[in-house]
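Numbering (this note's numbering), first residue to last: 187 to 412.
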(Lines of atoms letter the chains of each structure in order from A; the text may use other names.)
(Lines give C-alpha, C1' and ligand atoms only; values in the text may rest on other atoms or scores of the structure.)
Protein backbone atom coordinates (compact mmCIF):
# COMPACT_ATOMS: atom_id res chain seq x y z
CA UNK A 187 0.00 0.00 0.00
CA UNK A 188 1.09 3.61 -0.48
CA UNK A 189 2.31 5.79 2.36
CA UNK A 190 -0.85 7.87 2.00
CA UNK A 191 -2.99 4.78 2.63
CA UNK A 192 -1.17 4.17 5.89
CA UNK A 193 -1.64 7.80 6.90
CA UNK A 194 -5.38 7.60 6.15
CA UNK A 195 -5.72 4.42 8.21
CA UNK A 196 -3.81 5.93 11.12
CA UNK A 197 -5.97 9.06 11.04
CA UNK A 198 -9.12 6.92 11.11
CA UNK A 199 -7.80 4.89 14.03
CA UNK A 200 -6.73 7.92 16.04
CA UNK A 201 -10.01 9.72 15.33
CA UNK A 202 -12.04 6.75 16.52
CA UNK A 203 -9.95 6.34 19.64
CA UNK A 204 -10.18 10.05 20.49
CA UNK A 205 -13.95 10.09 20.86
CA UNK A 206 -13.80 6.93 22.96
CA UNK A 207 -11.26 8.51 25.31
CA UNK A 208 -13.38 11.66 25.54
CA UNK A 209 -16.55 9.76 26.41
CA UNK A 210 -14.85 7.80 29.19
CA UNK A 211 -13.23 10.96 30.52
CA UNK A 212 -16.55 12.84 30.57
CA UNK A 213 -18.30 10.10 32.53
CA UNK A 214 -15.32 9.77 34.86
CA UNK A 215 -15.43 13.51 35.59
CA UNK A 216 -19.16 13.30 36.23
CA UNK A 217 -18.63 10.41 38.63
CA UNK A 218 -15.80 12.21 40.43
CA UNK A 219 -17.90 15.34 40.93
CA UNK A 220 -20.84 13.45 42.43
CA UNK A 221 -21.03 13.93 46.19
CA UNK A 222 -23.51 11.16 46.96
CA UNK A 223 -21.86 7.78 47.55
CA UNK A 224 -24.64 5.70 46.01
CA UNK A 225 -24.67 7.80 42.86
CA UNK A 226 -20.89 7.60 42.62
CA UNK A 227 -21.00 3.82 42.85
CA UNK A 228 -23.69 3.59 40.16
CA UNK A 229 -21.67 5.84 37.87
CA UNK A 230 -18.52 3.82 38.59
CA UNK A 231 -20.32 0.64 37.51
CA UNK A 232 -21.51 2.37 34.34
CA UNK A 233 -17.98 3.63 33.75
CA UNK A 234 -16.51 0.14 33.96
CA UNK A 235 -19.08 -1.20 31.50
CA UNK A 236 -18.38 1.71 29.16
CA UNK A 237 -14.62 1.20 29.35
CA UNK A 238 -15.02 -2.44 28.39
CA UNK A 239 -17.42 -1.54 25.56
CA UNK A 240 -14.89 0.88 24.14
CA UNK A 241 -11.94 -1.51 24.19
CA UNK A 242 -14.07 -4.19 22.53
CA UNK A 243 -15.38 -1.68 20.01
CA UNK A 244 -11.96 -0.29 19.22
CA UNK A 245 -10.40 -3.72 18.81
CA UNK A 246 -13.11 -4.54 16.27
CA UNK A 247 -12.83 -1.18 14.51
CA UNK A 248 -9.05 -1.29 14.20
CA UNK A 249 -9.01 -4.80 12.76
CA UNK A 250 -11.83 -3.91 10.37
CA UNK A 251 -9.63 -1.15 8.94
CA UNK A 252 -6.91 -3.73 8.30
CA UNK A 253 -9.37 -6.16 6.72
CA UNK A 254 -10.59 -3.40 4.42
CA UNK A 255 -7.03 -2.66 3.31
CA UNK A 256 -6.40 -6.34 2.55
CA UNK A 257 -9.65 -6.75 0.62
CA UNK A 258 -8.96 -3.63 -1.47
CA UNK A 259 -5.47 -4.85 -2.37
CA UNK A 260 -6.91 -7.41 -4.85
CA UNK A 261 -4.49 -10.14 -3.82
CA UNK A 262 -4.60 -13.85 -4.47
CA UNK A 263 -4.14 -16.48 -1.80
CA UNK A 264 -0.59 -17.17 -2.98
CA UNK A 265 0.32 -13.55 -2.24
CA UNK A 266 -0.85 -13.26 1.37
CA UNK A 267 0.35 -14.73 4.64
CA UNK A 268 -0.83 -18.27 5.27
CA UNK A 269 -2.96 -17.25 8.25
CA UNK A 270 -4.90 -14.78 6.12
CA UNK A 271 -5.44 -17.35 3.40
CA UNK A 272 -6.74 -19.78 6.01
CA UNK A 273 -9.05 -17.10 7.43
CA UNK A 274 -10.63 -16.72 3.99
CA UNK A 275 -11.64 -20.38 4.22
CA UNK A 276 -12.97 -20.14 7.76
CA UNK A 277 -16.50 -21.30 6.97
CA UNK A 278 -15.18 -24.15 4.83
CA UNK A 279 -12.88 -25.25 7.66
CA UNK A 280 -15.80 -25.12 10.09
CA UNK A 281 -17.94 -27.35 7.89
CA UNK A 282 -15.04 -29.72 7.29
CA UNK A 283 -14.29 -30.11 11.00
CA UNK A 284 -17.91 -30.61 12.04
CA UNK A 285 -19.05 -34.18 12.56
CA UNK A 286 -22.08 -35.43 10.68
CA UNK A 287 -24.77 -37.30 12.61
CA UNK A 288 -24.66 -41.02 11.98
CA UNK A 289 -27.51 -42.72 10.16
CA UNK A 290 -28.96 -45.56 12.32
CA UNK A 291 -30.10 -47.32 9.17
CA UNK A 292 -26.63 -47.13 7.68
CA UNK A 293 -23.99 -46.84 10.44
CA UNK A 294 -21.14 -47.05 7.94
CA UNK A 295 -22.39 -44.07 5.92
CA UNK A 296 -20.12 -41.66 7.82
CA UNK A 297 -17.12 -43.05 5.96
CA UNK A 298 -18.73 -42.29 2.62
CA UNK A 299 -19.74 -38.84 3.84
CA UNK A 300 -16.15 -38.13 4.88
CA UNK A 301 -14.96 -38.94 1.37
CA UNK A 302 -17.47 -36.43 0.03
CA UNK A 303 -16.38 -33.81 2.57
CA UNK A 304 -12.74 -34.37 1.61
CA UNK A 305 -13.59 -33.91 -2.06
CA UNK A 306 -15.65 -30.78 -1.42
CA UNK A 307 -12.90 -29.24 0.67
CA UNK A 308 -10.31 -29.95 -2.00
CA UNK A 309 -12.62 -28.37 -4.57
CA UNK A 310 -12.89 -25.22 -2.47
CA UNK A 311 -9.11 -25.06 -2.09
CA UNK A 312 -8.61 -25.28 -5.84
CA UNK A 313 -11.48 -22.88 -6.46
CA UNK A 314 -9.78 -19.97 -4.70
CA UNK A 315 -6.59 -20.39 -6.72
CA UNK A 316 -6.36 -17.55 -9.19
CA UNK A 317 -9.11 -15.53 -7.52
CA UNK A 318 -8.81 -12.44 -5.36
CA UNK A 319 -9.22 -13.24 -1.70
CA UNK A 320 -11.97 -11.74 0.44
CA UNK A 321 -11.96 -11.70 4.22
CA UNK A 322 -15.23 -11.71 6.13
CA UNK A 323 -14.66 -9.00 8.72
CA UNK A 324 -17.09 -10.49 11.23
CA UNK A 325 -15.09 -13.72 11.34
CA UNK A 326 -11.73 -12.18 12.10
CA UNK A 327 -12.95 -9.39 14.41
CA UNK A 328 -15.56 -11.20 16.52
CA UNK A 329 -15.23 -10.82 20.27
CA UNK A 330 -17.38 -13.91 20.89
CA UNK A 331 -19.43 -11.76 23.32
CA UNK A 332 -16.34 -11.43 25.55
CA UNK A 333 -13.10 -9.87 24.37
CA UNK A 334 -10.78 -11.95 26.50
CA UNK A 335 -7.00 -11.78 26.00
CA UNK A 336 -7.08 -15.14 24.22
CA UNK A 337 -9.82 -13.98 21.82
CA UNK A 338 -7.88 -10.82 21.01
CA UNK A 339 -4.70 -12.80 20.35
CA UNK A 340 -6.66 -15.22 18.17
CA UNK A 341 -8.03 -12.39 16.04
CA UNK A 342 -4.59 -10.88 15.62
CA UNK A 343 -3.20 -14.25 14.61
CA UNK A 344 -6.01 -14.76 12.07
CA UNK A 345 -4.71 -11.65 10.34
CA UNK A 346 -1.05 -12.64 10.71
CA UNK A 347 -0.47 -9.66 13.01
CA UNK A 348 2.21 -9.62 15.70
CA UNK A 349 0.48 -10.40 18.99
CA UNK A 350 3.54 -10.12 21.22
CA UNK A 351 2.85 -6.46 21.96
CA UNK A 352 -0.49 -7.16 23.64
CA UNK A 353 0.71 -9.82 26.10
CA UNK A 354 1.63 -7.20 28.72
CA UNK A 355 -2.01 -6.05 28.83
CA UNK A 356 -3.42 -9.50 29.64
CA UNK A 357 -4.01 -8.78 33.32
CA UNK A 358 -5.73 -5.43 32.70
CA UNK A 359 -8.04 -6.75 29.98
CA UNK A 360 -8.90 -9.89 31.90
CA UNK A 361 -9.61 -7.90 35.05
CA UNK A 362 -11.86 -5.44 33.21
CA UNK A 363 -13.74 -8.27 31.51
CA UNK A 364 -14.45 -9.94 34.85
CA UNK A 365 -15.71 -6.68 36.35
CA UNK A 366 -17.93 -6.02 33.35
CA UNK A 367 -19.41 -9.53 33.44
CA UNK A 368 -20.12 -9.30 37.17
CA UNK A 369 -21.89 -5.98 36.66
CA UNK A 370 -23.81 -7.31 33.65
CA UNK A 371 -25.01 -10.24 35.78
CA UNK A 372 -26.23 -7.88 38.49
CA UNK A 373 -23.72 -8.97 41.10
CA UNK A 374 -22.59 -6.81 44.00
CA UNK A 375 -18.86 -6.26 44.03
CA UNK A 376 -16.15 -4.11 45.52
CA UNK A 377 -15.60 -1.36 43.00
CA UNK A 378 -12.08 -0.14 42.24
CA UNK A 379 -11.02 3.06 43.98
CA UNK A 380 -10.43 6.21 41.94
CA UNK A 381 -6.64 5.61 41.69
CA UNK A 382 -7.19 1.95 40.78
CA UNK A 383 -9.71 2.85 38.10
CA UNK A 384 -7.42 5.50 36.63
CA UNK A 385 -4.62 2.94 36.43
CA UNK A 386 -6.96 0.45 34.74
CA UNK A 387 -8.18 3.10 32.30
CA UNK A 388 -4.60 4.00 31.41
CA UNK A 389 -3.70 0.35 30.76
CA UNK A 390 -6.77 -0.25 28.62
CA UNK A 391 -6.15 2.78 26.44
CA UNK A 392 -2.47 1.86 26.25
CA UNK A 393 -3.67 -1.45 24.80
CA UNK A 394 -5.74 0.50 22.27
CA UNK A 395 -2.66 2.56 21.38
CA UNK A 396 -0.74 -0.68 20.86
CA UNK A 397 -3.45 -1.93 18.48
CA UNK A 398 -3.20 1.35 16.58
CA UNK A 399 0.54 0.86 16.19
CA UNK A 400 0.20 -2.80 15.16
CA UNK A 401 -2.35 -2.07 12.44
CA UNK A 402 -0.63 1.09 11.20
CA UNK A 403 2.75 -0.61 10.84
CA UNK A 404 1.17 -3.61 9.12
CA UNK A 405 -0.51 -1.36 6.56
CA UNK A 406 2.58 0.81 6.09
CA UNK A 407 4.89 -2.18 5.56
CA UNK A 408 2.42 -4.43 3.68
CA UNK A 409 2.85 -7.10 6.34
CA UNK A 410 -0.15 -9.01 5.00
CA UNK A 411 1.88 -10.00 1.94
CA UNK A 412 3.85 -13.22 1.96
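We put the beta carbon where it would ideally sit given N, CA and C, even for glycine.
In the three-state reduction of the DSSP assignment, residue 330 falls in the coil class. Annotation for residue 379: no alpha helix (DSSP H) segment contains it, and DSSP assigns it neither H nor E. With contacts defined as CB atoms closer than 7 Å, residue 352 and residue 341 fail to qualify as a contacting pair.
By the beta-carbon neighbour count (other beta carbons within 10 angstroms, threshold 16), residue 247 is buried. Residue 318 has 262 as its beta-bridge partners, per DSSP.
In the three-state scheme derived from DSSP, where H, G and I count as helix and E and B as strand, residue 412 is classed as coil.
Taking a cut-off of 8 Å on C-beta distances, the region 240–255 touches the region 395–402, as three or more cross pairs fall below it. Boundaries of the alpha helix (DSSP H) harbouring residue 361: 356–370, taken from the DSSP string.
In the three-state reduction of the DSSP assignment, residue 220 falls in the coil class, being assigned neither a helical nor a strand state. Distance between residue 226 and residue 240, taken at the CA atoms: about 21 Å. When the Cα atoms are used, residue 234 and residue 361 turn out to be separated by approximately 11 Å. At least 7 Å separates the beta-carbon of residue 263 from that of residue 412. The shortest C-alpha to C-alpha distance from residue 231 to any of 397, 372 and 349 is the one to 372. Under a 10 Å Cβ-count criterion, residue 405 is classified as buried, with 16 or more other Cβ atoms of the shown protein chains found around its own Cβ. Sixteen is the threshold: since fewer than 16 other Cβ atoms of the shown chains lie within 10 Å of the Cβ of residue 211, the residue is exposed.
For residue 190, the three-state secondary structure derived from DSSP is helix. Distance from the CA atom of residue 299 to the CA atom of residue 285, rounded to whole angstroms, is 10 Å. Assignment of residue 373 by DSSP, reduced to helix, strand and coil, places it in the coil class. If the five residues before and after residue 202 are omitted, its C-beta is found closer than 6 Å to the C-beta atoms of 247, all from its own chain and listed in chain order. DSSP places residue 336 in the uninterrupted alpha helix (DSSP H) bounded by 335–344.
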